[in-house]
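Only one structure is covered here, and it is reproduced in the block below.
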Amino acid sequence: MTNGGRAQADEPEEVLLAAEDVAMHFPVRGGLLRTVQGHVMAVDGVSLQVRRGETVAVVGESGSGKTTLARLLLRLLDPSGGKVFFMGRDITTQRLRVVREERRHLQMVFQDPMSSLDPRMTIKNIVAEPLVVHEDRGRPGRTIAVLAILFVLGGLASVGLGGLLLLDSAVLGPMGLSPSVDAAGMASVALLVLGVLGVAGGRGLWRLQGWAWWFLAGVTVAQLVEWALLGVWIGVGATAFLLGYLVLVRKRLRSGEEITRRVVALLELVGLKKEHLNRFPHEFSGGQRQRINIARALALNPDVIILDEPTSALDVSVQAQILNLLTELQDRLGLTYLFITHDLSVVYHIADRVSVMYAGKIVELGDTEEIFREPLHPYTKALISAAPVADPRMKSERIVLEGEVPSPTHPPSGCRFHPRCWLAFDPCSKLEPELFDAGNGHRFACFATARDRGLWTSGTRSTPSTEQ
Amino acid sequence: MVVEVEEGTVVSLKSSWRRFLQDHASRISELKYSLFLFRKNRLAVLGLGLILGVIAIALLAPYLAIDHPDLAVINGEIQQRWGIYAGQEFLPPSLGHPFGTDNFGVDWYSKVLYGAGVSLQVGLLVVIPASLLGSLLGLLAGFRGGIVEEIIMRIADIFLSIPSLILAIAITAVLGRSLVHVTYALIITWWPWYTRLVRGQVLTIKERQFVESAKSVGASPSRLMLRHIMPNSISPVIVQASMDFGYVILTAAGLGFLGLGAPPGTAEWGVMISEGINYLFQAPWMSAFPGLAIVLAVLGFNLIGDGLRDILDPRLRR
Amino acid sequence: MAAPVVLRIEGLKTYFHTYEGTVRALEGIDLEIRAGETVGLVGETGCGKSVTALSVLRLVPSPPGKIEGGRVFLEEPEAVAAFRNQYDAIAFERLRQKGVTESITSAQVEEALEPEVRELRAKLATAKSKGDEFRLRLEAATSAYDLLRKPIEEMRAIRGNKISMIFQEPMTAMNPVFTVGEQIAETLILHRKADLCRDVLKAIELQLNAKAKRVRGKRVTVREAKSRMLSGRSRNVLTQSEGETYDGLTGLNEEDHVCTACYRPAPPLWDYCPSCGARLTFDVWAPFRGSITTVERKLYSRMLADKEDQLVDFVDSVWILRRLVRRRLRDEGVRRAVEMLREVKIPDPERLAARYPFELSGGMRQRAMIAMMMACNPRILIADEPTTALDVTVEAQILKIMRELKEKTNMAILLITHDLGVVAEVCDKVGVMYAGAIAEFGTADQVFRRMMHPYTHGLMQSIPRFMAGASQDRKKDLYIIQGTVPNLLHPPAGCRFHPRCPRALEKCKEVVPILTALEPGHLVACHNPVPVSEAIP
Amino acid sequence: MKLWEYVVRRLIALIPVIIGVTVIAFILWKAIPIDPAIAYLGPKARPDQIAAFHAQWHLDDPLPSQYFFYLGRLVTGDWGPSFVNHFPVIDNLAIFLPATMELTIFAMVFALPVGIYLGIVSAMKHDRWVDHVSRFIAIVGVAIPIYWLGIMLKIFFHENLAVIGLNVLPLDGRLESTLTPPPTVTGFYTVDSLLALNLTTFIDAIKHLLLPAFTLGFAQLAIILRMTRSGMLEVLGQDFIRTARAKGLSEKEVVFRHAFRNATNATLTVSGLTVGSAFAGDVYVETIYSWNGIGRYFLQAALHAGFTDLLAYLFIITIFYVSANLVIDILYAALDPQVRLGGS
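So the protein lines, in turn, are chains S, P, E and V. The numbering used here puts the first residue of the first sequence at 447, with every later residue one more than the last. The numbering used here puts the first residue of the second sequence at 1145, with every later residue one more than the last. The numbering used here puts the first residue of the third sequence at 478, with every later residue one more than the last. The numbering used here puts the first residue of the fourth sequence at 4, with every later residue one more than the last.
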């Protein structure tokens, strides 16, 4: 099965990412004791295959569950049913630790360029984050060091500054030396213990040996403060600072150059320049920010990239630039895309295969050109005819659907589109249509069309609609 | 200065400083822009002036003052002893005694100067531990969620459901009257405000997309907390801490005024005001000037807090 | 005869005096919208299309923004327009001699025509025969129809009444604390107080004679009403008239409410049954109800008689009385709002009128917004990205409703969007904006098929198109307009597109191009336009 | 029904808080450095008296049972003898509580309307003189210590006015010593004197209230003004305000009808907060104006290490503060349709 106009070897491509009847039901808690009163069937039994080098688009309106599906495939959410396969391996049940290893080959680009970049980090750190996270596994000490230094300095600051005021014995006044030192000493030790416990809690207790040394160092410093005379405090403070500098700056310098070099290469790959390296996100336009997102996704040279509406927040001309960049990267790096969007013109332009989602289920899937040339499911027909076309002469007759998207907690029985469907007839409200095969991988879930094409007669049994 | 760190790699401090500058070029330009915004906000500059003034007075009190206390250790506590100058009682404010004198003839101006040091110190010893402790617990509660959050927030709610001054008075009364006990009482009543503030902040930032994208890249929970959530939730803590400096001075002086803080006769603004009440109509300046000093100090910290809020708020910066 | 011009914008210039400098958002906009016509204003973020709309309604936030110059004429009669052209020519000539050519306002024009205006006023005072011609000439000279000159009270009377505006975010555009019906009624109370007073008087008459005839009623659901009517008997036993009403009932759905006195629908929006006037809710003031209603009748008839009645002013000033008065007006307003909601095809408008905005979906809320802004059927509706936040199928519904309303009331629509598809589908005329100025204006066909401005040409080619047998081959690279949108703090000299324009000449860098008609009705602001042949077939 | 669900959930959430407060009070009780018996009976007390006191107050039982005994006493109202005047604590509170209530209510009556009105007007007339004046009050008002304000007012009204003979405002106490307090029905001098139709006492009571109420009210005014102003500014920036203007409403209608109706939520929560700080302020105001309410009584207890009074007071104040916030939460829910009808 060749894809669109892309020269591709004929042996069947390896399925990289697949979902098998995956479902995600969010519990809705309400009432007095926050009991579970119902479920939001965001994704309800979806199967999907993404082959290497292909661009598969998932199209649907808001509330269709396409974004939830993306997060399920990336295992940001635990599915409440069905399985997710990545490169043949079932990653549904694996522990989060292992899944985090898998994440190297599967990356995501988010929709809103504004809020998907940390405003307080420079571009270098943002793009370098995946590298830093996966490359330097072996440095637990650094985060502990940061926290230990932070709290010891905090305790010292309160004592030090207090001490400064008491420099002149005449000002000693009511506070006296010993009590205030007690207070500060006690405070800084308590803070240190809490700080380290907090981080240990965060890091998982089994990595204990890493922080034990730092805790001792912290306690000794605090104890020093306890006995230190007035003048020495500044000395102690200075040593703590130097210690912090050596640990932090020195370490970052050594591994810094290598990561910076790779970040610069990534930025140039997506069309940005070296001097953008140390800027903050708010200094960039929407299009540039989306390029940074793409650079970050490419950092671990993944095989599959999931793009959640990457261009819908951008202007027309900027959208064209990003689409061109994506197709160029796909050709150069042999990437595979899973494209989530509601914009049909983008789908037609970039996608090889399309799946149309409605209220948590896939209603039609197949080759892009086939689906646009001959949509089989009524919802797809309405979607294509409703999408505005930038050509006044193409004002063909519009199919305008009545009613609203169904409520996710109580979806309609049988085929979920039947309340708004003009072809609906008796079985539609009772039975759930399965994906009939119209040949050439073009499948659709609609009794009316199936009946017209002789694929379904009222006799054949179909899965009865599961009453919610 | 050359620092030999590891075998083979000689890292000259000067070159690493140049790279440090280069790395943080835009952070420095952000800093310059913040200073620029700060200077533009006249009230904030006034606030800074007031605070620097109070700090200067606190440090230079011995050189500026006319009278000087001497120190005596009485039952384990170091107390100030101000002399008694017969014949100089109740002198109205004049050139010699800008703030007049009290019933012992001690120059009230000098006492106010020495009071500044004490107030600042109480401020430091309360705000820094309280904000650090409170913020950490807030961070833990906001990020870990579940039982940890439930316990921490319930404890914070309990402390917050008792008006803070009442609780402070109760604690000082129980522990006995002294300025150190006042600092303990204020730390205990003040930390919950920071926990609630930071928890709210963490919960909003946790939902932001850049945290989710960091998670999708494989960042571990502690990295998320340290690198993403904490930097973004620090600014409201800074604003709150700078304002709380003023409120702590206000409350500590209040406790002193009620007779629960420093022993009578000490150069502490609250105590001085309460001593002034007995001679209110005879020597009104005795209560007026220490109160004024409190107002100026607290005002300074408030203005700085407001100024910082405008600068640190990303929306207003543009 | 072409439809009358509803709105004419001439040289509109709006700047934002921000802290970093002056953002020149609008650099002279010229636009004409005729009745019954949909004009699209399309452009990318930051080109100033929303600022144009806000400037017309003078809603630009005053601390940073300021309308520097230009004139906006609303419903200027043809005759006055003709005279104005003559007078403008004279005025511009005099102003040019004084060196004033930039951002001319109506006040400057009137000043320049000082002698003519004085002479016209004198003639008007004396002349008997040609009186109205002088009046028209005077209005032309003093550009009386210019919105920017009108005092703020007059402007308020126009907003929501003659010109209405709907916005992009349906989620936050309505007040979450008032019901939909109340918010629509508020517009009516503001602009259609007289009609509401008549309705109130009619309702009072109904209630008074219902009280006189001792008609008692209760509000029950249709199911209860049916069982009450049958009260055990079978259907065919009922008398002729009862039978008809019973059949009427079966038509309504079960949960709706009906008044037991007249068995006609009585939604829980009012205390009285809309058809027979019987009181349906518990009345605290029952004993005094009679006298209260008569006082209300006197009040409303005076309010109807003349606007400045001091009894009405007094009632309006006292808070409690005002609330009582407002209640009646609001009830009638909600009744009209329900009609309005039905017109925008909202199912079951009675129930929706009593609900709050947050209980509605995006599409429903945008329809409610349209109903609110169409309540006083304005001459022109400005829609600022009305469907951008909505899904494709809901967008199609909203555009369909807007088109039907336009045909019914013959109003004009100024549709502002960045979505070229929506513009191509809905608009008769299209204006393409770039960096604060109109680059190209013409009929949809001219702009989409025979565009001449390089920017429009580039824009059209960079849209991914999908139509059976699309001219573009799929997955091939889209055309890219180089560079980025200019920073309006220091816009490029001459034509603002020249840095990104592949056809830029030396002249483009100095001289600002003016909108000139290269084809009848097809205006382009470019020194080196794209020849029609190269346009997309 | 969403509303009662909301109320019940709030009540349930309160239970752990109240229990927590009793635990804190108990910990404070246990943290007393000296033996309560000696503190109560005085240093010369004989050992048998001390033993009897210990037995009576179960001081020697294990901690948990002591806590439950203490809890039992707390609930039944037997809060033990007062260290200040040896009367039962509950009787002291019964006398002093109404005095404080009267003062706090008058302060609130002054602070709430003025604070809210100034907050709205200053948000509406941005950067005009009204805005600058209220911003000044907001910033300086919060910085002025209540106790200092009280003293300064006393000096001002005593010193200067005496000079020009206007020395009319009384500076101390709740009533002229010459007048007898009205028969206590509610404990409020103003209300009781009205009930007793004794006009002169009523006027005098009001005169005595003016200065303390203003002092207490001024700090609350500053907080309320600050919060209302920021709440209003935030609401004025939202989309539906622009829609309201586009409908042709006048600025006054937009601000008072549309904006304020949404900003009430912010002002409600702040008035809850100020109730807390009002109790705190009482302590100062009552010591300065020798107004014998529970604030002053609480201070005497603190100074004389009267632990029974201290802990009882702590309990009462928390109950008041918590119930005030509960009432405000319910009002908040009732006013805001989104909460009432269970919106997202």
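Glycine residues also receive a C-beta, built at the ideal position from the N, C-alpha and C atoms.
Q) Any idea which residues DSSP pairs R475 (chain S) with across the strands? A) Here residue 475 (chain S) is taken as the residue at index 29 of the first sequence, counted from 1. Answer by DSSP bridge pairing, in chain order: S:V482.
Q.
Taking the straight line between their C-alpha atoms, what separation do you get for Y287 (chain V) and G1191 (chain P)?
A. Residue mapping note: residue 287 (chain V) aligns to position 284 of the fourth sequence, counting from 1. Residue mapping note: residue 1191 (chain P) aligns to position 47 of the second sequence, counting from 1. So the two alpha carbons sit approximately 27 Å from each other.
Q) If you check the beta carbons only, do E902 (chain E) and P858 (chain S) fall under 8 Å apart? A) Position 425 of the third sequence holds residue 902 (chain E). Position 412 of the first sequence holds residue 858 (chain S). No, Cβ-Cβ distance for E902 (chain E) and P858 (chain S) is not below 8 Å.
Q) Does any CB atom of chain P fall closer than 8 Å to the CB of M155 (chain V)? A) The sequence position of residue 155 (chain V) within the fourth sequence is 152, counting from 1. So yes, M155 (chain V) belongs to the interface.
Q: Pull out every residue of the segment 252 to 275 of chain V whose Cβ sits closer than 8 Å to any Cβ of chain E, in chain order.
A: L252, S253, H261, R264, N265
Q: Tell me where the beta strand (DSSP E) around L781 (chain S) begins and ends.
A: For the purposes of this step, residue 781 (chain S) is taken as residue 335 along the first sequence, with counting starting at 1. It is not in any beta strand (DSSP E) - L781 (chain S) carries neither H nor E in the DSSP assignment.
Q. Can you pull the DSSP bridge partners for Y1229 (chain P)?
A. Counting from one through the second sequence, the residue named residue 1229 (chain P) turns up at place 85. Paired residues: none, contrary to the question.
**Q.** Within 9 Å of chain V by C-beta, residues of the segment 1323 to 1346 of chain P in sequence order
**A.** none
Q. Who pairs with S137 (chain V) in a beta bridge, going by DSSP?
A. Along the fourth sequence, read from residue 1 onward, the residue named residue 137 (chain V) stands at position 134. According to DSSP, which records beta bridges pairwise, S137 (chain V) is partnered with nothing at all.
Q: Indicate whether E466 (chain S) and K512 (chain S) have their beta-carbon atoms separated by less than 8 Å.
A: Position 20 of the first sequence, counted from the start, is the residue given in the question as residue 466 (chain S). Position 66 of the first sequence, counted from the start, is the residue given in the question as residue 512 (chain S). No, they are not a contact pair.
Q.
If we define contact as Cβ-Cβ less than 8 Å, is V1439 (chain P) a contact residue for chain V?
A. As a working mapping, residue 1439 (chain P) is identified with position 295 in the second sequence. Yes - at least one Cβ of chain V is within 8 Å of the one on V1439 (chain P).
Q | Straight-line Cα distance separating L790 (chain S) from I830 (chain S) | A | Mapped onto the first sequence, residue 830 (chain S) falls at position 384. Mapped onto the first sequence, residue 790 (chain S) falls at position 344. Their Cα atoms are separated by approximately 7 Å.
**Q.** Cα-Cα separation, Y9 (chain V) to V482 (chain S)
**A.** The residue labelled residue 9 (chain V) in the question sits at position 6 within the fourth sequence. The residue labelled residue 482 (chain S) in the question sits at position 36 within the first sequence. For Y9 (chain V) and V482 (chain S), the distance between alpha carbons rounds to 17 Å.
Q: Just grab the DSSP bridge partners of R548 (chain E) for me.
A: If you number the third sequence from 1, residue 548 (chain E) lands on position 71. Bridge partners of R548 (chain E): E:E487.
Q) Since F243 (chain V) is in the alpha helix (DSSP H), which residue starts that stretch and which ends it? A) By one-based count along the fourth sequence, residue 243 (chain V) stands at place 240. 242 to 249 is the extent of the alpha helix (DSSP H) around F243 (chain V).
Q: Report yes or no: do the segment 798 to 818 of chain S and the segment 497 to 516 of chain S share at least 3 C-beta pairs separated by less than 8 Å?
A: yes
**Q.** Closest by C-alpha distance to K827 (chain S), when choosing among S:R839, S:A836, S:I738, S:E810
**A.** If you number the first sequence from 1, residue 827 (chain S) lands on position 381. If we check each option's Cα against that of K827 (chain S), S:E810 comes out closest.
Q) Are the CB atoms of A1107 (chain P) and T1333 (chain P) nearer to each other than 8 Å? A) Because chain P in this structure spans residues 1145 to 1462, residue 1107 (chain P) falls outside the shown range and cannot be described.
**Q.** Close beta carbons around T814 (chain S), own chain, < 8 Å, minus the five adjacent residues each side
**A.** On the first sequence, position 368 is the one that residue 814 (chain S) refers to. Correct list, in chain order: G450, A503, V793, Y794, A797, D798, R799, V800.
Q: With a floor of 4 residues, list each alpha helix (DSSP H) that falls wholly inside the segment 511 to 561 of chain S, ordered by position along the chain.
A: 512 to 519, 542 to 548
Q.
Any beta carbon from chain E within less than 8 Å of L847 (chain S)'s own beta carbon?
A. By one-based count along the first sequence, residue 847 (chain S) stands at place 401. Cβ-Cβ to chain E under 8 Å: yes for L847 (chain S).
Q | Reference I629 (chain E); option with closest CA among V:L314, V:A249, V:V92, V:A315 | A | Along the third sequence, read from residue 1 onward, the residue named residue 629 (chain E) stands at position 152. Cα-wise, what sits closest to I629 (chain E) is V:A249.
Q: For F1303 (chain P), go through chain S and note every residue whose CB falls closer than 7 Å to its CB, in chain order.
A: Position 159 of the second sequence, counted from the first residue, corresponds to residue 1303 (chain P). Neighbours of F1303 (chain P) on chain S: none; closest Cβ ~17 Å, over 7 Å.
Q.
Considering only their Cβ atoms, is the gap separating V143 (chain V) from L1443 (chain P) smaller than 8 Å?
A. For the purposes of this step, residue 1443 (chain P) is taken as residue 299 along the second sequence, with counting starting at 1. For the purposes of this step, residue 143 (chain V) is taken as residue 140 along the fourth sequence, with counting starting at 1. Cβ distance < 8 Å, so L1443 (chain P) and V143 (chain V) count as in contact.
Q.
Judging by CA-CA distance, which residue of S:G849, S:R899, S:L519, S:N724 is the nearest neighbour of L753 (chain S)?
A. Along the first sequence, one-based indexing puts residue 753 (chain S) at 307. Residue S:L519 is the option with its Cα nearest to L753 (chain S).
(Q) Can you pull out the residues from the segment 753 to 779 of chain S whose beta carbon lies closer than 7 Å to at least one beta carbon of chain E? (A) D761, V762, S763, A766, Q767, L769, N770, T773
Q: Give the DSSP-derived three-state secondary structure of L877 (chain S) in the structure shown.
A: Numbered from 1 along the first sequence, position 431 holds the residue referred to as residue 877 (chain S). Reduced to three states, the DSSP call for L877 (chain S) is strand.
(Q) Any beta carbon from chain P within less than 8 Å of S280 (chain V)'s own beta carbon? (A) Against the fourth sequence, residue 280 (chain V) aligns to sequence position 277. Judged by the 8 Å Cβ criterion, S280 (chain V) is in contact with chain P.
Q: Compute the minimum distance between the beta carbon of V924 (chain E) and the heavy atoms of the ligand NAP, and state whether it is under 7 Å.
A: The ligand content of the structure shown is nil, which means the ligand NAP is not present either.
Q) Under 8 Å between C-beta atoms, does Q1353 (chain P) make it to chain S? A) Numbered from 1 along the second sequence, position 209 holds the residue referred to as residue 1353 (chain P). It does: the Cβ of Q1353 (chain P) has a partner Cβ on chain S nearer than 8 Å.
Q) If we call anything under 8 Å between Cβ atoms a contact, is V467 (chain E) one with A832 (chain S)? A) Nothing in the structure corresponds to residue 467 (chain E), since chain E is present only between 478 and 1014.
Q. When the distance is taken between beta carbons, is G935 (chain E) closer than 8 Å to Y956 (chain E)?
A. Mapped onto the third sequence, residue 956 (chain E) falls at position 479. Mapped onto the third sequence, residue 935 (chain E) falls at position 458. For Y956 (chain E) and G935 (chain E), yes; Cβs fall inside 8 Å.
Q. Do R742 (chain S) and V573 (chain S) have their C-beta atoms closer together than 8 Å?
A. Numbered from its first residue, the first sequence carries residue 742 (chain S) at position 296. Numbered from its first residue, the first sequence carries residue 573 (chain S) at position 127. Against a cut-off of 8 Å, the Cβ pair of V573 (chain S) and R742 (chain S) comes out as a contact.
Q | T103 (chain V) (DSSP reduced to helix, strand or coil) | A | Locating residue 103 (chain V) in the fourth sequence gives position 100, where the first residue counts as 1. Note: T103 (chain V) maps to helix in three-state DSSP.
(Q) By DSSP's criteria, G517 (chain E) is part of a beta bridge. Which residues make up the other side? (A) Locating residue 517 (chain E) in the third sequence gives position 40, counting from the first residue. BP columns for G517 (chain E) point to E:L892, E:V907.
Q) Any idea what DSSP makes of C985 (chain E), helix, strand or coil? A) Counting from one through the third sequence, the residue named residue 985 (chain E) turns up at place 508. Of the three classes helix, strand and coil, the one that applies to C985 (chain E) here is helix, per DSSP.
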